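Reviewing the structure listed below.
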Amino acid sequence: MSQKPQIEPLPAELVHEPLNWLFAEHYRHRQLCRLIERVGTATVLLREETEEILTFLRQDMALHIIDEEEDLFPLLRRRCLPEDELGPLLGSLSAEHRDDMEQTRVLTTLLEQALAEGRPPGHDLETRRLFTDFALHERRHIALENAIILPIARLRLTPGDLRALSTRMAARRGVVLDRTEDERPADGLEPSGGSV
Ligand SMILES: [Fe+2]
Ligand SMILES: [Fe+2]
Numbered sequence: 029m030s031q032k033p034q035i036e037p038l039p040a041e042l043v044h045e046p047l048n049w050l051f052a053e054h055y056r057h058r059q060l061c062r063l064i065e066r067v068g069t070a071t072v073l074l075r076e077e078t079e080e081i082l083t084f085l086r087q088d089m090a091l092h093i094i095d096e097e098e099d100l101f102p103l104l105r106r107r108c109l110p111e112d113e114l115g116p117l118l119g120s121l122s123a124e125h126r127d128d129m130e131q132t133r134v135l136t137t138l139l140e141q142a143l144a145e146g147r148p149p150g151h152d153l154e155t156r157r158l159f160t161d162f163a164l165h166e167r168r169h170i171a172l173e174n175a176i177i178l179p180i181a182r183l184r185l186t187p188g189d190l191r192a193l194s195t196r197m198a199a200r201r202g203v204v205l206d207r208t209e210d211e212r213p214a215d216g217l218e219p220s221g222g223s224v
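Taking my numbering, the leading residue of the sequence shown gets 29, the next gets one more, and so forth.
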């Protein structure tokens, strides 16, 4: 019997509010962290939760990192002022994204093996710690982005930047947003792929 997903879907209307979209996505990452801790420390295989984590890591998590690395962070580097002193933080968050992708591959392999073998993925202390450490680091990363990155983005990004951000994040998920000619961003932040 199929149970209700533990990670809530994103409200569709947030596509027009990209910074609220990213904030809501962070809330979903916190739900992911709770799920990862539960599955990673369980003494039995939680099959549906394991499949939900795998789907989220492969799709939502991967796209979110691309949203930040290819769109949000470049826009912030362009718009932030020297007194924002954002450069070092953006650099360390990008390094964490690279670590996240590596750790995500490790957890994905463990979860796939667990499903194939019908046993819990956290089969010893060391393996369980991979899951709890991932959740710990992810929560810290989200807290920094919510406390510093998103508030500065709200201050510095222009209406055109925000529309371009919406368009690109939507296009990445196969959604085409209408926009008028005068809404096109001036700074070369055009969607790749030409579907919009
Ligand atoms: Fe991030
Ligand atoms: Fe993020």
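Virtual Cβ for every residue (Gly too), placed ideally from N, Cα, C. Small disclaimer: the values here were computed from a predicted structure and weren't measured.
Cβ of residue i versus every heavy atom of ligand 1: is any distance shorter than 6 angstroms?
| i | result |
| --- | --- |
| E76 | no |
| E96 | yes |
Residue i lies in the alpha helix (DSSP H); which residues open and close that run?
| i | result |
| --- | --- |
| L121 | G115 to E145 |
| Q59 | P46 to T69 |
| D189 | P187 to R200 |
| H165 | L153 to L172 |
| P179 | L178 to R184 |
| R86 | That residue, R86, is in no alpha helix (DSSP H); it is neither H nor E in DSSP. |
Taking buried to mean at least 16 other C-beta atoms within 10 Å of its own C-beta, is residue i buried or exposed?
| i | result |
| --- | --- |
| P46 | buried |
| S120 | exposed |
| M129 | exposed |
| E111 | exposed |
| S220 | Because S220 sits at a pLDDT of 42, beneath the cut-off of 50, its placement in the model cannot be relied upon, and the following sentence gives the value as read from the coordinates. The residue is exposed, with fewer than 16 neighbouring Cβ atoms inside 10 Å. |
| L217 | Caution is warranted here: a pLDDT of 49 is assigned to L217, below 50, making its placement in the model unreliable, and the coordinate value is therefore given only provisionally. So L217 ends up on the buried side. |
| A40 | exposed |
| R196 | buried |
| D206 | exposed |
Does the Cβ-Cβ distance between residue i and residue j come in under 7 angstroms?
| i | j | result |
| --- | --- | --- |
| V203 | P148 | no |
| L103 | D189 | yes |
| T137 | L85 | no |
| V43 | S194 | yes |
| T69 | R156 | yes |
| I176 | H57 | no |
| F159 | I64 | yes |
Regarding residue i and ligand 2, is the C-beta to nearest heavy atom distance less than 6 angstroms?
| i | result |
| --- | --- |
| E173 | yes |
May I ask whether a heavy atom of ligand 3 can be found less than 6 angstroms away from the beta carbon of residue i?
| i | result |
| --- | --- |
| V72 | As far as ligands go, the structure on display features ligand 1 and ligand 2 and does not contain ligand 3. |
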